[in-house]
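Notes follow the structure.
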Amino acid sequence: MKTDKAQERIKAMEAIFDKAAKVMQDLEKHMSRFEDIQSDIKKLEAYYTSEDWKNDFKLDEEGLLPDDLKRGVLSEDGVYDLLEKNKELLERVKEEEKAKTSCDSSKVTMLHSRTKEKSMKIYDISQEVFGCQVYPGDPSPERQELLKISNGNVCNLTAFNMCAHNGTHVDAPYHFIDGGKTIDQIDMKRFVGYCYVVSHDGDITEMDAKRIIKKAGAASVENECDCVNRILVKGKATMTEEAAKVFADSRILLFGNESQTVGPEDAPMDVHLIMLGAEIVLLEGIRLDAVEDGVYLLNAAPINLGGADGAPCRAFLLSV
Numbered sequence: 144m145k146t147d148k149a150q151e152r153i154k155a156m157e158a159i160f161d162k163a164a165k166v167m168q169d170l171e172k173h174m175s176r177f178e179d180i181q182s183d184i185k186k187l188e189a190y191y192t193s194e195d196w197k198n199d200f201k202l203d204e205e206g207l208l209p210d211d212l213k214r215g216v217l218s219e220d221g222v223y224d225l226l227e228k229n230k231e232l233l234e235r236v237k238e239e240e241k242a243k244t245s246c247d248s249s250k251v252t253m254l255h256s257r258t259k260e261k262s263m264k265i266y267d268i269s270q271e272v273f274g275c276q277v278y279p280g281d282p283s284p285e286r287q288e289l290l291k292i293s294n295g296n297v298c299n300l301t302a303f304n305m306c307a308h309n310g311t312h313v314d315a316p317y318h319f320i321d322g323g324k325t326i327d328q329i330d331m332k333r334f335v336g337y338c339y340v341v342s343h344d345g346d347i348t349e350m351d352a353k354r355i356i357k358k359a360g361a362a363s364v365e366n367e368c369d370c371v372n373r374i375l376v377k378g379k380a381t382m383t384e385e386a387a388k389v390f391a392d393s394r395i396l397l398f399g400n401e402s403q404t405v406g407p408e409d410a411p412m413d414v415h416l417i418m419l420g421a422e423i424v425l426l427e428g429i430r431l432d433a434v435e436d437g438v439y440l441l442n443a444a445p446i447n448l449g450g451a452d453g454a455p456c457r458a459f460l461l462s463v
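Whatever position you read off the sequence shown (first residue = 1), add 143 for our numbering.
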């Protein structure tokens, strides 16, 4: 009698278990059947929290139940997995219901956001490392192929040697200031955020710097962003000491240019000391040929090199 009742209970629960498990296997396909199995799931939960399940489990362990009786219901792992999937599905249903009841304006905003994301353009403003420009006197990047599949190795493996200031790179204050911040000590917020791209060829004078700051400031107000904090100069341009002082006084976070140095190649130290002394990140060796003047989102995060005076980066812009 005792085992008969146990078998009846288990068979009833097995039927529920199999039905529920089938639905859980493909949440997307069976989403419409979700409500149908919720009452059955509650029966399963009630069974597992009762003494009946413990007694039935014990009978099975003692070998008192038929061998052909399914074991899904009596499996602790199976039960746990099923109930966890049920919780997951419940959360998804709640999210979908919340989305359905949201106002039309929210849906329009979401659609606009997705459309904007699809039309967003990415501009790679970095140089390819092994074909990059090198500042006079700096070592050029070198590549060594340690392993090659074509030579019978299991994989391709490359080692390389390069200067921290090869190609597109970032200067840390430590580059010219003993005791200054190294690349790993700079706040990441300085490398990432809104920026203003402006065209200029030749030396950037004090008046040029003031004009650039003014244009970037106006763009910040117009676009309601902080693009004035990160300025990228398009063209063959380096700056004078007077211009460096203007940028330093304005407390910008980052200055980028297409040359391999921000100051004159024959005398870069003074400009670097002024800019890096104000903790302005210097992004050098960028490529802005395909970029129009205006506001963009910049990501110029450098490689995390502990204690380094600079580091290469894969800088890119996003249209806004």
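We treat Cβ as the ideally placed atom computed from N, Cα and C, and that holds for glycine.
Here the structure is a predicted model, which is why all the values come from computation and not from measurement.
Assuming residue i and residue j are in contact, meaning their beta carbons sit under 8 Å apart, how far apart are those beta carbons, in whole angstroms?
i: Val335; j: Asn309; result: Actually they do not touch by this definition, with Cβ atoms about 22 Å apart.
i: Val341; j: Lys357; result: In fact, because the Cβ distance is near 11 Å, the residues do not count as touching under 8 Å.
i: Leu440; j: Leu461; result: 4 Å
i: Ala454; j: Ala307; result: 6 Å
i: Ile395; j: Asn372; result: 5 Å
If you check the beta carbons only, do residue i and residue j fall under 7 Å apart?
i: Gln276; j: Gln403; result: yes
i: Phe459; j: Ile326; result: no
i: Leu397; j: Val424; result: yes
i: Ile429; j: Gly399; result: yes
i: Val297; j: Leu426; result: no
i: Glu422; j: Pro316; result: yes
Note down, in chain order, each residue of its chain lying with its Cβ closer than 8 Å to the Cβ of residue i, except the 5 sequence neighbours on either side.
i: Gly437; result: Tyr339, Val340 and Ala362
i: Glu401; result: Val376, Lys377, Gly378, Lys379, Ala380, Gly428, Ile429, Arg430 and Leu431
i: Asp369; result: Gly336, Tyr337 and Ser363
i: Cys456; result: Ser269, Thr311, His312, Val313, Phe334, Leu426, Ala443, Ala444, Pro445 and Ile446
i: Asn198; result: Ala149
i: Glu408; result: Tyr278, Pro279, Thr381 and Ser402
Note down, in chain order, each residue of its chain lying with its Cβ closer than 6 Å to the Cβ of residue i, except the 5 sequence neighbours on either side.
i: Met305; result: Pro284
i: Gln287; result: Ala302
i: Gly137; result: This structure gives no information on residue 137, because the portion of the chain shown stretches from 144 to 463.
So, for residue i: in the same chain, excluding its five sequence neighbours on each side, which residues have a beta-carbon less than 7 Å away from its beta-carbon?
i: Glu384; result: Asp413, Val414 and Ile417
i: Asp147; result: none
i: Met331; result: Ala444
For a minimum of 3 consecutive residues, which ranges assigned as the beta strand (DSSP E) are wholly contained in the segment 294-354?
Look at the segment 294-354 and you find these whole runs of beta strand (DSSP E), each 3 residues long or longer: 300-304, 312-314, 335-342 and 345-347.
Hey, is the segment 380-400 in contact with the segment 347-355, meaning 3+ C-beta pairs nearer than 8 Å?
Contact between the segment 380-400 and the segment 347-355 is present, because at least three Cβ pairs lie under 8 Å.
Using 8 Å as the Cβ pair cut-off and three pairs as the minimum, do the segment 315-323 and the segment 287-306 touch?
Segments in contact, no.
Which full runs of the beta strand (DSSP E) of 3+ residues lie inside the segment 365-414, going along the chain?
The segment 365-414 contains these whole beta strand (DSSP E) runs: 373-377, 380-382 and 397-400.
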